[in-house]
Structures are given as C-alpha cells and as structure tokens.
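Protein chains in written order, with the working numbering: chain F, 67 to 365; chain D, 2 to 298.
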C-alpha cells in the first residue's frame with residue numbers, strides 16, 4: 067500500500083523540512099539580518115532615519131580603543147587557554163590511557179566541571195583568585211604562602227598585564243576534562259596490534275608514542291583545536307561570572323553585550339558580533355568541509 | 002561511529018596482562034598515581050571550597066580558615082538563599098523540561114533521516130546544520146529579540162524554550178544521527194522485504210532502540226539549558242519576573258555582595274545541585290553527549 071512512499075527518495079526530506087526552514091531563518095537569516103544591521107546607522111534606540119552606511123562601523127571599530135583592547139585580551143586568553151587545555155588534557159589522557167585501577171573515578175572528577183555553570187563556579191574562582199596579599203591573603207595567594215611560594219602571589223584577574231592569563235586558569239580547569247576524554251577516545255581507537263608490533267621490534271615507549279601513537283592522533287588534535295578555539299572566541303559567562311564588565315578582562319562578547327544593553331548601540335553591537343562570527347567561521351567552515359570529505363571517503 | 006567512542010573511553014582496560022612489575026614499572030605506577038592525585042586535588046578544589054563554605058554561615062568565611070572544613074555545621078545561609086532561588090529554579094525547571102523533550106523528538110526524527118533515509122543533498126544540508134552549532138549567539142541575538150516581540154512571546158519564559166529548541170537542533174540531530182548510523186542497514190532491508198514503510202521502520206525498530214540516544218540528548222539539553230546564561234540575560238533582559246537559575250544567582254553574587262561569601266557559595270552550590278546530580282548518576286551518558294558533539298571519533 068505504501069510502496070511508493072517507501073522508495074520515494076524525497077520522503078526523508080519532508081520530515082526534516084521544518085528543521086531546514088528553522089535553520090534557514092534562525093541561523094542564516096538572522097546572521098544576514100545582523101550583518102545588515104552592522105552596515106546601518108542605528109547608533110541608539112531613538113534613531114529614526116535608518117539608512118545604509120556601508121563599512122563605516124567596522125572601520126570605526128578599529129579606531130575604538132576599547133574594541134582593540136577587548137580583541138587583544140581575547141587573543142591572549144585564547145592562546146593561554148588553548149595551550150593550557152591541550153597540555154593538561156593530554157597529560158591526563160596519557161596517565162589514564164593504558165588503564166589503571168580507579169580510572170573511572172579520576173576520569174569522572176576531571177570531567178565534572180563541564181556539568182556546572184560558570185556563573186556558579188565563578189564564585190569559587192573569584193574567591194580563589196582574590197588579589198589580597200600576605201597577611202590579608204585568601205584563596206590561592208594564601209595557599210601559595212603556606213607552601214613557601216609566597217613570591218608567586220599575584221593580583222590574578224585584576225592585574226593590568228596578567229589579567230587574561232589568570233582568567234584562562236578557570237577556563238582550563240573547566241575544559242581539560244573534555245580534552246582528556248577526546249584524547250582517550252583517540253588513543254583507544256588505535257588498534258593494539260600497532261603498539262605490540264613496535265614493541266616486538268624493540269622500540270622504546272617514548273618512540274612508540276612519538277612515531278606511532280601521536281601521528282595517529284592528528285584528527286583528534288584538529289578536533290580539539292576547533293572545539294577549544296570556537297569556545298574561546300565566544301567566551302562570555304566565564305568572564306562575566308568572575309569579573310562582570312571589568313575593563314581589564316573585557317573580551318569581545320562582553321563588549322558586545324555592553325554595547326547593546328548599556329548603550330543600545332545596535333549598529334556597533336552587530337558589527338562586533340559579526341567580527342566574532344567571522345573569526346570562528348574562517349576556522350570552522352574548512353573544518354566542516356574536511357569532515358564531510360573524510361566521511362564520504364570512508365563509505 | 003561516534004556512539005562507539007564513549008564505549009571506547011569507558012572500556013575496561015585489561016590490567017592483568019602485565020606480570021609482576023619490575024623496579025622501573027613500580028616507579029612509573031607510583032608516579033602515575035601521584036600525578037593523578039595532584040590533578041584530582043586541583044579539579045576538586047573549587048567545588049570543595051564551595052561545599053565547605055556553604056556550611057559556615059552567611060559571612061563566616063574567615064580568610065585563613067576557608068580551606069579547612071568547618072568545626073560545626075552551620076546552615077544559616079541555606080534558608081534565606083533557597084527562599085530567593087526557589088522561584089527562579091522552578092521556572093528554570095519548567096522551561097528546561099519542555100525544551101529538552103521537544104529537542105529530543107526533533108533530534109530523533111532528523112537524525113533518522115540523515116543517517117538512514119538520505120535524499121539528494123542531505124549531506125550538504127546536514128553540514129549547514131552543523132555550522133549552527135559553532136556560531137556565536139551574539140550574531141543572532143538582535144533579530145531574535147525582534148522575532149520574540151513579533152511572535153508575541155517577548156516577556157514570557159517561552160523565549161527560552163524557543164531559543165534552546167531551535168539552537169539545539171544541530172547538536173541533537175548530530176547525536177541521534179551518529180547513534181542511528183551505528184545500527185546496521187540489514188535491519189531496514191529485512192523490514193522492507195516484509196513490506197514496512199520508512200515511517201513504520203522508524204517507529205517500530207529505531208525508536209525502541211533509541212532510548213539511550215534519548216537519554217544522551219535529554220541530559221545534554223537539560224545541562225546546557227540549565228547552565229545557560231547568555232540566552233537568559235539577552236532574551237529576558239534581566240527582568241526579575243523572568244529570572245532563571247543562572248541570572249538569579251548572578252544577581253545574588255553580583256558585584257555589590259561579594260563580601261557575603263558564605264551566602265554566595267551556598268547559592269552557587271544550590272544552583273549547581275541539579276546538574277551535578279544528573280552528572281553523578283548519568284555521567285556515562287553525559288560523556289557520550291560530549292563526544293558525539295565533537296563530530297569525529
């Protein structure tokens with residue numbers, strides 16, 4: 067009875083059509099709208115005569131000292147966050163990868179930060195990274211003193227020069243477990259025979275990792291870089307939860323929020339949003355194409 | 002296939018293959034445990050501080066004593082904090098449950114089509130969906146607010162249901178697609194021979210098999226919607242009538258109140274309890290969601 071429908075190659079299309087329309091409007095259409103907004107002159111909520119002004123808003127961003135400050139903050143943060151997560155996640159996975167008693171326990175505790183909101187964790191981190199020193203010290207500064215490392219005391223996220231590096235600490239703390247899980251999956255996807263064969267040939271453990279295991283992990287590395295990179299570009303509640311709108315830790319997402327909410331400057335806010343989007347897209351679009359291709363090739 | 006990836010991570014490694022450890026082997030074992038323990042302490046420190054300071058009273062967090070457990074339990078911060086948080090948390094629960102269930106249903110249908118009922122161009126369309134996972138939501142926030150006004154849901158909690166359902170489509174589709182892709186095609190072919198249509202195959206074969214997939218998606222959507230702050234603050238405009246768990250918490254712990262650490266830590270802990278419980282009991286599914294969301298295994 068339903069024969070015709072079974073073989074209709076377009077049957078599936080009907081069922082995803084609502085989602086296709088939703089994505090077309092809410093992702094692509096709305097990005098288009100924001101792009102248009104960024105090319106117009108709605109500089110406050112009362113602008114009546116809305117007209118097209120071209121790329122002026124973008125060129126003005128580059129002269130806006132607060133924007134360039136937020137951008138350079140974001141890049142500093144990204145560098146430390148990505149390197150830190152890669153190293154700590156890799157260390158965690160190397161420690162666990164061969165299997166060890168209690169592995170499940172360690173794995174779960176490394177991963178739990180992913181389940182908590184950063185508005186909540188921000189309270190703890192704000193206290194840990196309190197800038198008071200010596201007798202008045204709390205948090206990490208107090209801990210460092212007690213360990214005889216008092217000279218390492220820091221202003222953390224309130225310092226002029228090091229604020230973004232300090233801000234990367236909670237971010238690394240939150241995301242390392244994720245990176246660990248990705249690397250563990252990578253390591254355990256490598257057939258044991260490869261390792262065994264190298265061992266029989268007399269290769270040292272170091273050489274096995276260096277020449278056999280790590281090269282196999284390059285797709286995992288790429289995935290990790292993309293995931294960390296796009297999370298970093300978007301970073302918002304992590305910084306908001308610890309330092310709200312503080313100038314020294316301002317990044318693009320925070321600045322965009324301020325521009326919209328505090329100043330109702332829609333044109334400028336839209337332009338900042340598009341800048342964030344473009345920075346993500348230049349990495350993500352080639353990545354998606356690559357994933358698509360490798361998947362086709364595996365068929 | 003990504004659904005196997007989590008199994009790969011949680012697979013029990015065979016620990017008995019190695020016979021007695023020699024000196025070098027013993028050294029490495031001790032080294033590994035020490036390193037793992039240090040990492041454990043670092044990972045646990047922030048939540049440890051939160052827990053012990055929530056039972057020290059409202060401001061009782063004296064500087065140097067903060068790292069040590071309390072001598073006696075003082076729950077005085079819990080009552081007033083819960084009183085403030087109860088309504089926002091109930092509101093959060095209300096919208097999160099709805100958005101998660103709707104997301105899971107949409108995800109299951111889409112995932113089935115993209116895995117087993119492909120049409121011309123479906124791979125391309127799927128890829129355009131995936132891009133939606135990576136976009137910064139700032140880039141859609143201005144028109145989305147307009148849309149909400151236009152649709153007449155501005156100023157209601159449904160703005161968050163809509164946002165989480167729509168922007169959850171890519172990840173939910175991806176998780177289900179990976180899940181269904183691992184189910185062998187022979188099942189479909191056998192059913193077809195028996196004269197079943199695709200809709201019936203979906204209903205009678207794939208849906209019953211997809212319970213774990215539903216758990217993964219529900220947990221994922223629950224956790225990310227509960228913890229979401231960006232949509233909440235943009236779309237509700239910080240209105241107290243629409244405050245949800247994270248925005249209410251941010252109001253409590255915000256800049257003016259930073260001295261009441263006991264209070265703040267308690268509030269933060271209360272807001273974290275639902276997602277922590279889910280993680281504690283269903284962590285394996287949470288891990289699956291994380292790895293499915295990473296595209297490649």
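Note that CB positions come from ideal geometry on N, CA and C, so glycine has one too. None of the values given here were measured: they were computed from a predicted structure.
Worksheet entry | Straight-line gap, residue 216(D) to residue 292(D) (C-alpha atoms, nearest Å) | One C-alpha to the other measures close to 14 Å.
Worksheet item: Within 7 Å: the Cβ of residue 145(D) and any heavy atom of the ligand COA?
Response: Of the ligands one can find in the structure shown there are none, so the ligand COA has no counterpart to examine.
Fill in: Inter-stretch contact (C-beta, 8 Å, three-pair minimum) for the region 272-288 of chain F and the region 121-140 of chain D
These segments do not touch.
Fill in: Chain-ordered residues of the region 80-99 of chain F with a beta carbon less than 7 Å from chain D
If you check each beta-carbon in the region 80-99 of chain F against every beta-carbon of chain D, the ones closer than 7 Å belong to 81, 82, 85, 86, 88, 89, 92, 93, 96, 97 and 99.
Fill in: Residue burial classification, residue 221(D) (beta-carbon count within 10 angstroms, cutoff 16)
Residue burial annotation: residue 221(D) is buried, with at least 16 other C-beta atoms found within 10 angstroms of its C-beta.
Fill in: Within chain F, partners of residue 41(D) - CB distance below 9 Å
Within chain F, the residues whose beta carbon sits less than 9 Å from that of residue 41(D) are 171, 172, 175 and 176, listed in sequence order.
Practice prompt. Could you tell me which of 40(D), 177(D) and 285(D) sits nearest to residue 370(F), measuring between CA atoms?
Written response: With chain F covering 67 to 365 only, the question about residue 370(F) has no answer from this structure.
Worksheet item: Do the region 134-151 of chain F and the region 176-189 of chain D make contact, defined as three or more Cβ pairs closer than 8 Å?
Response: Taking 8 Å as the limit for Cβ pairs, the verdict is that the region 176-189 of chain D does not touch the region 134-151 of chain F.
Worksheet item: With 8 Å set as the bound, which would you pick, yes or no: does the beta-carbon of residue 119(D) sit closer than that to a beta-carbon of chain F?
Response: Answer yes: the Cβ-Cβ gap between residue 119(D) and chain F drops below 8 Å somewhere.
Worksheet item: Under 9 Å Cβ-Cβ, which residues of chain D neighbour residue 191(F)?
Response: Within chain D, the residues near residue 191(F) are 47.
Worksheet item: Relative to the alpha-carbon of residue 139(D), which residue among 325(F), 186(F), 355(F) and 123(F) has its alpha-carbon at the smallest distance?
Response: If we check each option's Cα against that of residue 139(D), 325(F) comes out closest.
Worksheet entry | Minimum C-alpha distance to residue 38(D) - residue among 157(F), 125(F), 315(F) and 336(F) | Per the Cα distances, 157(F).
Worksheet item: For the region 258-276 of chain D, which residues have a beta carbon sitting closer than 8 Å to at least one beta carbon of chain A?
Response: In summary, chain A is missing from the structure at hand, where the protein chains are F and D.
Item to complete: Name, going along the chain, the residues of the region 206-233 of chain D whose beta-carbon falls closer than 9 Å to a beta-carbon of chain F.
Response: Answer in chain order: 224, 227, 228, 229, 230 and 231.
Worksheet entry | For residue 163(F), three-class secondary structure by DSSP | Residue state, collapsed to three classes: coil.
Worksheet entry | Exposure of residue 69(D), with buried meaning 16 or more beta-carbon neighbours within 10 Å | It is exposed - the Cβ of residue 69(D) has fewer than 16 other Cβ atoms within 10 Å.
Worksheet item: Under a three-way DSSP split, which group does residue 359(F) fall into?
Response: Taken through DSSP and simplified to helix, strand or coil, residue 359(F) comes out as helix.
Worksheet item: Per DSSP, what kind of secondary structure is residue 226(F) in: helix, strand or coil?
Response: Residue state, collapsed to three classes: coil.
Item to complete: Please list the segments of the alpha helix (DSSP H) lying wholly inside the region 268-336 of chain F, counting only runs of 4 or more residues, in order along the chain.
Response: Runs of the alpha helix (DSSP H) inside the region 268-336 of chain F: 284-300, 303-309 and 318-327.
Discussion item. Please return the same chain residues whose Cβ sits closer than 8 Å to the Cβ of residue 297(F), not counting the five positions on each side in sequence.
Written reply: For residue 297(F), where only same-chain residues beyond five positions count, the Cβ hits under 8 Å are 241.
Worksheet entry | Beta bridge counterpart(s) of residue 177(D) as assigned by DSSP | Answer is none; residue 177(D) lacks a bridge partner.
Practice prompt. Closer than 6 Å by C-beta to residue 266(D): which residues in its own chain qualify, once you throw out the five before and the five after it? Chain order, please.
Written response: Excluding sequence neighbours, residue 266(D) sits near 51, 54 and 55.
Item to complete: To the nearest angstrom, report how far apart residue 295(F) and residue 133(D) are at their CA atoms.
Response: Distance between the alpha carbons of residue 295(F) and residue 133(D): 16 Å.
Practice prompt. Note down, in chain order, every chain D residue with its Cβ under 8 Å from the Cβ of residue 135(F).
Written response: The contacting residues do not exist; residue 135(F) stays about 18 Å from chain D at best.
Practice prompt. Name, going along the chain, the residues of the region 348-360 of chain F whose beta-carbon falls closer than 8 Å to a beta-carbon of chain D.
Written response: From the region 348-360 of chain F, only 350, 351, 354, 355, 357, 358 and 360 have a Cβ closer than 8 Å to chain D.
Worksheet item: For residue 262(F), which three-state DSSP category applies?
Response: The answer is helix: DSSP assigns residue 262(F) an H, G or I state.
Worksheet item: CB-CB under 7 Å to residue 115(D), same chain, minus the five flanking residues each way: which ones, in chain order?
Response: Here residue 115(D) has 123, 127, 174 and 178 as same chain residues with Cβ atoms under 7 Å from its own Cβ, once five neighbours each way along the sequence are excluded.
Discussion item. What does the Cβ neighbour count give for residue 131(D), buried or exposed, with the cut at 16 atoms within 10 Å?
Written reply: Around the Cβ of residue 131(D), a 10 Å sphere holds 16 or more other Cβ atoms; the residue is buried.
Item to complete: Could you name the residues of chain D that residue 251(F) contacts, counting a contact when the two beta carbons are closer than 7 Å?
Response: Within chain D, the residues near residue 251(F) are 6, 9, 10, 292 and 298.
Practice prompt. Determine which residues of the region 259-276 of chain F have a Cβ less than 8 Å from any Cβ of chain D, and write them out in chain order.
Written response: Residues of the region 259-276 of chain F whose Cβ lies closer than 8 Å to any Cβ of chain D: none.
Worksheet item: For the putative contact between residue 97(F) and residue 141(D), defined by C-beta atoms under 8 Å, what is the C-beta separation to the nearest angstrom?
Response: Your pair residue 97(F) and residue 141(D) checks out as a contact, with CB atoms roughly 6 Å apart and the cut at 8 Å.
Fill in: One or two residues paired with residue 106(F) in a DSSP bridge
Answer is 118(F).
Item to complete: Return yes when the Cβ of residue 182(F) is within less than 8 Å of the Cβ of residue 240(D), no when it is not.
Response: Against a cut-off of 8 Å, the Cβ pair of residue 182(F) and residue 240(D) comes out as no contact.
Worksheet item: Is it buried or exposed for residue 271(F), if we count other Cβ within 10 angstroms and need 16 for buried?
Response: So residue 271(F) counts as exposed.
Worksheet item: Would you say the region 214-224 of chain F touches the region 302-314 of chain F, given that touching needs at least three Cβ pairs under 8 Å?
Response: By the criterion of at least three beta-carbon pairs nearer than 8 Å, the region 214-224 of chain F is in contact with the region 302-314 of chain F.
Fill in: Spatially closest choice to residue 224(D) from 184(F), 300(F), 283(F) and 81(F), by CA coordinates
If we check each option's Cα against that of residue 224(D), 184(F) comes out closest.
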